[in-house]
Structures are given as C-alpha cells and as structure tokens.
Amino acid sequence: MLTNKLRLNDTKTKLILFSSKYTPQLIDVPSITIGSSVIGPSGSVKNLGVCFDSHLNMDKYISAICQSANYHLRNIGRSRKFLTNSATECLVHAAISSKLDYCNSLLYGVPDIQIRRLQSIQNTAARIITCSRKFDHISPTLHDLHWLPVKERIVFKLLLFAFKAYPGSVTNCPDYIRNKIGRTLRSSTKKLLQVPQADYASFGEISFTHAAPRLFNDLPIAIRSARNLNAFKSKLKSYLFVRAFSHL
C-alpha cells in the first residue's frame, strides 16, 4: 500500500468472517486494531456498492436493489402517461436495468426465491413500458421487448467474463479474472476449458473458477468459437433468449 501511496481509513474499515450457514464459524476473532481504531466483526460489509453478508446469500444486496428500483419505478409509473414508449424505455434502462446488471455475476447460484425478487422488478418495468395490466402474462411481454430474464442475464455476464478470460484471448481482461480460468483441454479445436474440482458442494460449485468453465463448455461449439467479443455476445444472447422462451 505504501508503494501505491495508499493508506487505510480507520473509521471506514470493517471486519467480516465468511462461513456457511450450515456450519459454525471455526475462527473466533473478537476484534482487530487498525491504527487507533478497534474494529469488531460486522454482519455485512459493502465493497464497490455491493453488500456482502457473512453467509454470502446476498440478501441485503438484493433488498437494496429492490428498494431503490421500486422507488424509481413508482416515479416512472406516475409520469408514464406523459412519456413516449422510447422515452420510458430509456428511463427504465438507466434507472432499473443498470441496477439489475451491476455486478450481477455475483448472484450466480443464489436461491431462486432471491432471483424471483429481482425478476419481479424486471416484470414491473416491462409492464410500465408496454402499459400492460398487472395480471397479464409477462413472458410474451419480455419476449416482445427482447429482454433476457434475470437468471439468463446473470449467466450471460458470467459467460462474458469466461470468453474474455479464455487463454490466448486478445480481449481486455484483468489478470485477476484471467488467472481464475484454468487451462484449455487437449482438444483445443473444441475450445473447452478444464473444470476444476469443487471443494465444497455449496460454495465451490457456484464459484467463478468452477461455474464459468462448466457453463462455457456447455455452450454449442458455434458460440464458443466466435471470432470476436461482439460476435460472441450476439450469439450468446440469441442462444439464451431462445432457451428462456422456448415454451412460447
């Protein structure tokens, strides 16, 4: 930190211990001293706007998204009759979609009940844009807007990182993400990634190191072999879109 001319802010430093909700914490850390401040363990911490709790169930972060999104949706809904469809959609993307997509790869593997809370936000936004009634079936509306549902948006972001971090890729990708992707398998023509063994059934299987290669290998070869990032994004969105609305 001295090399980069950085220092800790004592008053804003927090301590948190992460553990599974099914097992007790194995380390008991009553407090630590940083500078002149004594810091005890906290139930949740915030980093880059994302709230992490001690069990990594992301409940507080999702609650914060829903609270902020509902506030904006109410305001947009009150003004809807004065707005065109395109203007309403721009507002929704700026105030709602940006919140649903921000750091959403961290939400991979969270319980479905949490995903449904975010999906409800997206459904409400779609109804405001299209002036649909509350009890109208939402899938055709999302399909007409060409929106990926929340769960598919999370998978899309995860696979986007996997493509950028693929060994030998020329796309811009931070080293701390690229180093999380293992080497390719010997059948390099198929563009398959090695999937490391998960250490724990709960946290291990939803970690980026395990989930990203596994999801990437499950994609059709035509998508994995995309020549550039834009082609990969286009093919991937079409693939996830068809899979999400195959019942229509």
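Under numbering that gives the first Met the number 0, the first residue of the sequence shown carries the number 0, and numbering increases by one thereafter.
The beta-carbon is built from N, C-alpha and C at its ideal position, and this holds for glycine as well.
Exposure of residue i, with buried meaning 16 or more beta-carbon neighbours within 10 Å
i      : result
SER104 : buried
HIS209 : buried
TYR70  : exposed
ALA93  : exposed
PRO212 : buried
ILE61  : buried
ASN122 : buried
ALA230 : exposed
ILE33  : exposed
PHE134 : exposed
ILE31  : exposed
LEU47  : exposed
Between the CA atoms of residue j and residue i - distance to the nearest angstrom
i      : j      : result
SER233 : ILE222 : 9 Å
SER97  : LYS189 : 34 Å
SER41  : VAL109 : 21 Å
ARG242 : GLU151 : 9 Å
VAL149 : SER36  : 41 Å
GLN66  : LYS45  : 16 Å
TRP146 : SER245 : 14 Å
LEU228 : TYR165 : 11 Å
LEU235 : LYS163 : 13 Å
GLN118 : SER224 : 31 Å
ARG77  : ARG126 : 13 Å
PHE83  : ARG73  : Residue identity differs from the one stated: residue 83 is Thr in this sequence, not Phe. Roughly 17 Å between the two C-alpha positions.
LEU55  : ASP111 : 15 Å
ALA124 : VAL91  : 7 Å
LEU191 : PHE240 : 23 Å
ASP9   : PRO173 : 28 Å
PRO195 : LEU214 : 13 Å
ARG177 : PRO219 : 22 Å
THR87  : LYS80  : 10 Å
PHE51  : SER18  : 12 Å
THR12  : SER53  : 16 Å
ILE75  : CYS89  : 11 Å
ILE129 : LEU247 : It should be pointed out that residue 129 corresponds to Thr in this sequence rather than to Ile. Approximately 19 Å, taken between the alpha carbons.
ARG132 : THR140 : 11 Å
PHE207 : LEU157 : 8 Å
ASP217 : TYR238 : 12 Å
SER85  : ASP143 : 14 Å
SER168 : TYR175 : 15 Å
GLN193 : ASN171 : 21 Å
ILE205 : THR183 : 20 Å
PRO29  : ARG226 : 52 Å
Residues that DSSP places opposite residue i in a beta bridge
i      : result
THR32  : VAL37
LEU14  : PRO40
ASN46  : VAL49
THR183 : LEU192
Residue i CB to nearest heavy atom of the ligand ADP below 8 Å
i      : result
TYR107 : The ligand ADP is absent from the structure shown, which contains no ligands of any kind.
Whole-Å CB distance - residue i paired with residue j, under 8 Å assumed
i      : j      : result
ILE95  : ILE114 : Not quite, the Cβ-Cβ distance comes to about 16 Å (not below 8 Å), so this is no contact.
VAL154 : CYS102 : Wrong, their Cβ atoms sit about 15 Å apart, outside the cutoff.
LEU106 : MET57  : 6 Å
ILE180 : ALA161 : 7 Å
LEU16  : ILE38  : About 12 Å; that fails the 8 Å criterion.
LYS59  : SER43  : 5 Å
Enumerate, from N- to C-terminal direction, the unbroken beta strand (DSSP E) stretches of 3 or more residues contained entirely within the region 48-85. Listed in chain order, the complete beta strand (DSSP E) runs (minimum 3 residues) inside the region 48-85 are 49-52.
Could you name each continuous alpha helix (DSSP H) segment of 4 residues or more that falls completely within the region 122-188, going from the start of the chain to the end? DSSP runs (the alpha helix (DSSP H)) wholly in the region 122-188: 138-144, 149-164 and 174-177.
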